[in-house]
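S.K.:
Structure representation (structure tokens):
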């Protein structure tokens with residue numbers, strides 16, 4: 004019998020359930036959104052810390068990444084200079100990186116969208132980043148108001164991005180799965196018979 008991996012379990016869970024399981028303390032800033040609504044990511048973080056306006060260390064991160072990893076880039080929220088364009092995103096996709104999460108912006112939006120590769124960012128710009136050096140790879144970073152360590156789990160979808168500390172992964176996955184079951188039971192009770200069951204459910208909840 005095949006054992007479901009933690010990544011497969013996370014892929015089956017919406018970020019909303021994971022957020023509930025974490026208590027909502029590790030949700031990235033809501034402005035960091037996917038470039039396309041269908042994008043879903045779930046995997047381990049390769050972290051990148053960039054000096055303001057820089058992007059040189061992104062290539063180093065791509066080189067060190069394993070298949071299924073997610074690049075998580077601390078660009079200090081800079082919206083003036085891109086951390087990557089379509090060429091760099093193509094490199095990441097080509098080595099098996101699963102997605103990119105950026106507290107900053109990218110460029111070449113049309114070409115990046117054509118790659119159908121999950122990018123979560125603050126948006127886009129026309130200006131390239133500088134390459135004067137000074138960035139760090141696989142160090143603790145702060146992205147979207149949340150601390151991310153190398154190897155933490157990152158889950159993202161249309162609602163946003165959530166960080167799961169690697170030491171808490173099993174507990175959070177179990178909590179999110181339990182939340183899904185609880186929600187399904189609630190929906191079954193409330194919506195089973197149209198208005199009648201809805202009113203009965205509301206009366207029960209409001210009487211508590």
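Residue numbers (this note's numbering): 4 to 211. We put the beta carbon where it would ideally sit given N, CA and C, even for glycine.
Looking only at its chain, what residues have a beta carbon closer than 7 Å to the beta carbon of residue 98, apart from the 5 residues adjacent to it on each side?
M.R.: One-based indexing of the chain shown puts residue 98 at position 95. Excluding its 5 nearest sequence neighbours in each direction, residue 98 has C-beta neighbours in its own chain below 7 Å: 65 and 68, listed in chain order.
S.K.: Which of the three DSSP states is assigned to residue 81 in this structure?
M.R.: The sequence position of residue 81 within the chain shown is 78, counting from 1. Coil at residue 81, not helix or strand.
S.K.: Can you tell me which of the three DSSP states residue 182 falls into?
M.R.: Numbered from 1 along the chain shown, position 179 holds the residue referred to as residue 182. Judged by DSSP in its simplified three-state form, residue 182 adopts helix.
S.K.: In angstroms, rounded to a whole number, what distance separates the CA positions of residue 70 and residue 46?
M.R.: Here residue 70 refers to the residue found at position 67 of the chain shown. Here residue 46 refers to the residue found at position 43 of the chain shown. Distance between the alpha carbons of residue 70 and residue 46: 10 Å.
S.K.: Span of the beta strand (DSSP E) holding residue 124?
M.R.: If you number the chain shown from 1, residue 124 lands on position 121. Annotation: the continuous beta strand (DSSP E) that includes residue 124 extends over 122-124.
S.K.: Can you give me the Cβ contacts of residue 48 inside the same chain, cut-off strictly under 7 Å, excluding the 5 residues immediately before and after it?
M.R.: Counting from one through the chain shown, the residue named residue 48 turns up at place 45. Excluding residues within five positions, the ones whose Cβ falls inside 7 Å are 73, 75, 151, 153, 154, 155 and 157.
S.K.: Straight-line CA distance for residue 161 to residue 91?
M.R.: Against the chain shown, residue 161 aligns to sequence position 158. Against the chain shown, residue 91 aligns to sequence position 88. If I take the Cα positions, the gap works out to 23 Å.
S.K.: So, helix, strand or coil for residue 74, using DSSP?
M.R.: The residue you call residue 74 lines up with position 71 of the chain shown. Reduced to three states, the DSSP call for residue 74 is strand.
S.K.: Would you kindly check if the distance between the Cβ of residue 180 and the Cβ of residue 20 is under 9 Å?
M.R.: On the chain shown, residue 20 is found 17 positions in, with the first residue counted as 1. On the chain shown, residue 180 is found 177 positions in, with the first residue counted as 1. Here residue 20 is near residue 180, since their CB atoms are less than 9 Å apart.
S.K.: Quick one: any contact between the segment 126-137 and the segment 51-59, if contact means 3 or more CB pairs under 8 Å?
M.R.: yes
S.K.: Rounded to whole angstroms, what's the CA-CA distance from residue 208 to residue 40? Just pull it up for me.
M.R.: As a first step, residue 208 must be located in the chain shown, where it is residue number 205. As a first step, residue 40 must be located in the chain shown, where it is residue number 37. Going from the Cα of residue 208 to the Cα of residue 40 covers about 33 Å.
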